[in-house]
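Numbering (the numbering used here), first residue to last: 3 to 140.
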């Protein structure tokens, strides 16, 4: 698996918990980080399903920005954790062999669960967009 494919999967996992709701077609969809960043900057976008213009209100934008910030913090905490953990695993496996590494693995699982509980304890988020007033259908 290429490095690009791995980073794409990590990005999808990051934003997989964020859903957007279109009032025009009543669909829910999830988009990539770049799309979310563009939405936060311009506060407007189009629905990928029906093509309607959508607007995100200030309160919803603040919720989304806070959610993305927490997800980003969790990703950084995991990278900081994984480097020493992998190095420690290599040292343990070289010094104690495979059995030592098998005993070392649960430590990482427990620590990962602790990090997830600390940084990524938010429920899934659904952002309700609205159709701008000048675009409403009669």
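The C-beta atom is built at its ideal place from N, Cα and C for all residues, glycine as well.
Under 9 Å between C-beta atoms of residue i and residue j
| i | j | result |
| --- | --- | --- |
| residue 79 | residue 127 | no |
| residue 91 | residue 103 | yes |
| residue 105 | residue 66 | no |
| residue 133 | residue 54 | yes |
| residue 1 | residue 70 | Beyond the ends of the chain as shown, which are 3 and 140, falls residue 1; an answer cannot be given. |
| residue 45 | residue 63 | yes |
8 Å contact criterion, which residue i and residue j should meet: CB distance rounded
| i | j | result |
| --- | --- | --- |
| residue 129 | residue 22 | 5 Å |
Residues that DSSP places opposite residue i in a beta bridge
| i | result |
| --- | --- |
| residue 127 | 20 |
| residue 132 | 57 |
CB contact check: residue i to chain D, cutoff 9 Å
| i | result |
| --- | --- |
| residue 60 | Structure shown: chain D not included; a single protein chain is present. |
field: Contact the stretch 19-28 vs the stretch 46-58: 3+ CB pairs below 8 Å
entry: yes
- prompt: Does the stretch 98-108 come within contact of the stretch 52-65, defined as at least 3 CB pairs closer than 8 Å?
  reply: no
- request: At 4 residues or longer, and completely inside the stretch 27-112: list those alpha helix (DSSP H) runs for me, N to C.
  value: 35-44
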